[in-house]
Amino acid sequence: MKPLQVLPARALSGILLAGLAGWAPLQAAEVKVTTAHTGDDDAFQSDTVDSPATNDAATDATFKMIAGQADPNGGGLAVLHDGKIPGGADEPRSNFFFSAAGKGGRILVDLGKPIEIGAIATYSWHPGSRSAQKYSVFAADGSAEGFVAEPGEGSPADQGWTLLAEVDTSDEEPGQQAVRLTPTAGKSVGNFRYVLFDIGKNPKGDVFNDTFYSEIDIVDAAGPELVKVEKPVKIKQEFDSKHGEFHYTLDVTEAPDLQQWCAEHLIPVMDEWYPKIIEMLPVEGVTPSKDITFTLKNTTDLPGYLRGVPAYASGNSVVFNAGFMRDQQTGEAIGAGVHEVVHVVQFGGGGERRRERPRHGRRPPTWVTEGVADYIRWFLYEPESKGAEITKRNFERASYDSSYRVTANFFDWVIKHYEKDLMRKLNVATHEGYYDDLWKEWTGKSVEELNEEWKAYHAKKLGIEG
């Protein structure tokens, strides 16, 4: 872990609005902004910013979103003051974040009564740009003339609020970020009942640049001694590849009963197939990660839209639904892992970072990348299972862009009849750019024409009359 920087905020004596005597917000002390960056296993413990507390004044405060739209995959406002921190770097359900469709938003904290605020701290955690914090924080006691308790728009400073500080950590490294606001002198920044966070997007992020806020602390200068959140006890096991150049981390903190099974059955297959997949899908200038983390998580800790899926990949990390893996140890569990490590090769960081945008065309649609992952799974890893067959039951609705198993079947047919190097070429298109005419360049026919031939092939095979 390492400390970052200490930034003196500008002095903030109570601001009198020109010509409006009696509209003066309460005075605030000069505020110092201190930031820190810590590693994934440090629980925000640093030398410059205290780790989150379980009994600060925000614990029993009322949190309300008064502007913006919460992302439904997040954990809601309650996670901001529950005295808990996420168990890992990419846990949407353990964080609050605004929807990517908006422009950030505002969170109002009502402490119930005015208190001498000794410190305000915010904590965020994400492996990418969504760790960066960018916000303005205001405070009020509610007594200013014309006070607006829920300023959903416009400057709060014009509505009876005092600006305490402006925060922007977008230049700092991803990971655990902590920000602490304290008075430069004395014990308190002021006597306030309300705290308002005007939260913006990270200006240096991509489309998903809404910060994963893990916890917000507001410290009563006259309150009890703070109880710090305990560092989670992790159950991890490290594996070196038999090939010598890869390394795997198994995190079974939430499913310790599966540790032995994963070590004996899952990891050996991942180690066998990860190098194979890298060899199948080479892209000049793109080096897949040498390290992969496999994490088993309980269903309730998965994002809402992922609770029904076996697993998902993010960067060089694969997260498994522990319940699914437990139920499918002798079924689809390992195949699901093969599918996800394909995505690690397609999109994972490591070595040279993949391009943020293709040089030509566009990124391939989801049916392409999911079809590639399922082709490698069903036709190369476990062809004997025949898990991607076209049958009379699914023939009618089958299309080249149906994704997953059906698209995998389409790819298998194209490989056998037109282009043996299709997997590599599709992955190159993932990085260099995808456009519809690629199919004509590779096969001499459009994807729609190939689709008609593929359907006709299966109609004949199944005895289905046109």
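Residue numbers for the sequence shown, in mature numbering (1 follows the signal peptide of the UniProt record, and there is no 0): -28 to -1, 1 to 438. We treat Cβ as the ideally placed atom computed from N, Cα and C, and that holds for glycine.
| request: Could you tell me the boundaries of the alpha helix (DSSP H) in which Pro86 lies? | output: Where Pro86 is concerned, there is no enclosing alpha helix (DSSP H), although the beta strand (DSSP E) around it starts and stops at Gly77 to His98.
| query | Going by other Cβ atoms of all chains shown within 10 Å of its Cβ, with 16 needed for buried, is Ser389 buried or exposed? | reply | With the sequence shown as reference, residue 389 is identified as His, and Ser is not the correct amino acid for it. With fewer than 16 other Cβ atoms within 10 Å, it is exposed.
| field | Any 3 or more C-beta pairs closer than 8 Å across the stretch 97 to 109 and the stretch 162 to 174 | value | yes
| request: Using DSSP bridges, identify the partner residues of Lys269. | output: Note: Lys269 sits in a beta bridge opposite Asn293.
| Selection from Ala345, Ile348, Asp346 and Phe319 that minimises the alpha carbon distance to Arg335 | Phe319
| message | Assuming Leu253 and Asn381 are in contact, meaning their beta carbons sit under 8 Å apart, how far apart are those beta carbons, in whole angstroms? | response | Leu253 to Asn381, Cβ: 19 Å. No contact.
| field | Limits of the alpha helix (DSSP H) - the one that Gln318 falls within | value | Ala305 to Phe319
| Assigned secondary structure, Ala431 (DSSP; H/G/I helix, E/B strand, else coil) | helix
| message | Given this structure, state the Cα-to-Cα distance separating Tyr376 from Val419, to the nearest angstrom. | response | 17 Å
| query | Under a three-way DSSP split, which group does Asn423 fall into? | reply | Helix at Asn423.
| query | Taking the alpha carbon of Trp25 as the point to measure from, which residue in Asp82, Val191, Glu63 and Tyr220 has its own alpha carbon closest? | reply | For the sequence presented, residue 25 should be read as Ala rather than Trp. Minimum Cα distance to Ala25 is reached at Val191.
| field | Whether Asn423 touches Tyr372 by CB criterion (7 Å) | value | yes
| Nearest-angstrom Cβ-Cβ length linking Gln148 and His9, presumed shorter than 8 Å | The distance from the Cβ of Gln148 to that of His9 is about 7 Å, consistent with a contact at the 8 Å cut-off.
| task | Could you please give me the residues that DSSP links to Val167 through a beta bridge? | result | Val81 and Ala111
| query | In whole angstroms, what separates the C-alpha of Ala235 from that of Ile250? | reply | 22 Å
| Bridge-paired residues (DSSP) for His219 | Asp212 and Asp263
| query | Distance, Cα to Cα, Pro64 vs Phe16? | reply | 18 Å
| Cβ of Thr6 within 7 Å of Cβ of Arg152? | yes
| message | Looking only at its chain, what residues have a beta carbon closer than 6 Å to the beta carbon of Glu354, apart from the 5 residues adjacent to it on each side? | response | Gly307
| field | Buried or exposed by the 16-neighbour rule on C-beta atoms within 10 Å, applied to Ile436 | value | exposed
| Who are the near neighbours of Val224 in its chain, counting only those whose CB is closer than 6 Å to its CB and skipping five residues on each side? | Ile207, Leu230, Gln231 and Leu268
| field | Contact with chain B by Pro99, beta-carbon distance below 7 Å | value | Of the chains in the structure shown, none is chain B; there is only one protein chain.
| When burial is assigned at 16 or more other CB atoms within 10 Å of the CB, is Phe46 buried or exposed? | Note on identity: in this sequence residue 46 is Gly, with Phe being the wrong assignment. Buried, because 16 or more other Cβ atoms sit within 10 Å of the Cβ of Gly46.
| request: Reducing DSSP to helix, strand and coil, say where Thr34 ends up. | output: strand
| message | With three or more beta-carbon pairs closer than 8 Å as the criterion, would you say the stretch 59 to 74 touches the stretch 32 to 46? | response | yes
| task | Compute the beta-carbon to beta-carbon distance between Ser289 and Thr265, rounded to the nearest angstrom, for a pair I have assumed lies under 8 Å. | result | 5 Å
| query | What distance in whole Å lies between the Cβ atoms of Leu136 and Val161, which are believed to be in contact at a cut-off of 8 Å? | reply | 6 Å
| field | When Ser101, Glu361, Lys159 and Asp408 are compared against Phe426, the one with the closest alpha-carbon | value | The displayed chain sequence assigns Trp, not Phe, to residue 426. The candidate whose alpha carbon is nearest that of Trp426 is Glu361.
| How many Å lie between Ser374 and Ser286 at the Cα? | Using only the alpha carbons, I get a separation of about 23 Å.
| field | Whole-Å CB distance - Arg78 paired with Gly48, under 8 Å assumed | value | For Arg78 against Gly48, the beta-carbon gap comes to about 16 Å, at or over 8 Å, which does not count as contact.
| said: Please classify Val205 as buried or exposed, where buried requires at least 16 other C-beta atoms within 10 Å of its C-beta. | reply: exposed
| field | Thr225, DSSP secondary structure in three states | value | coil
| said: Using the Cβ count rule (16 or more neighbours within 10 Å means buried), how would you classify His215? | reply: Counting C-beta atoms within 10 angstroms of its own C-beta, His215 has fewer than 16 neighbours from the protein chains shown and is therefore classed as exposed.
| field | Contacts around Leu83, its chain only, beta-carbon distance under 6 Å, and the 5 residues preceding and following it disregarded | value | Here Leu83 has Ala29, Ala33 and Arg165 as same chain residues with Cβ atoms under 6 Å from its own Cβ, once five neighbours each way along the sequence are excluded.
| query | Where do the N-terminal and C-terminal ends of the alpha helix (DSSP H) with Tyr246 fall, by residue? | reply | Ile239 to Met252
| Can you tell me whether Ala370 is buried or exposed, with buried defined as 16 or more other CB within 10 angstroms of its CB? | buried
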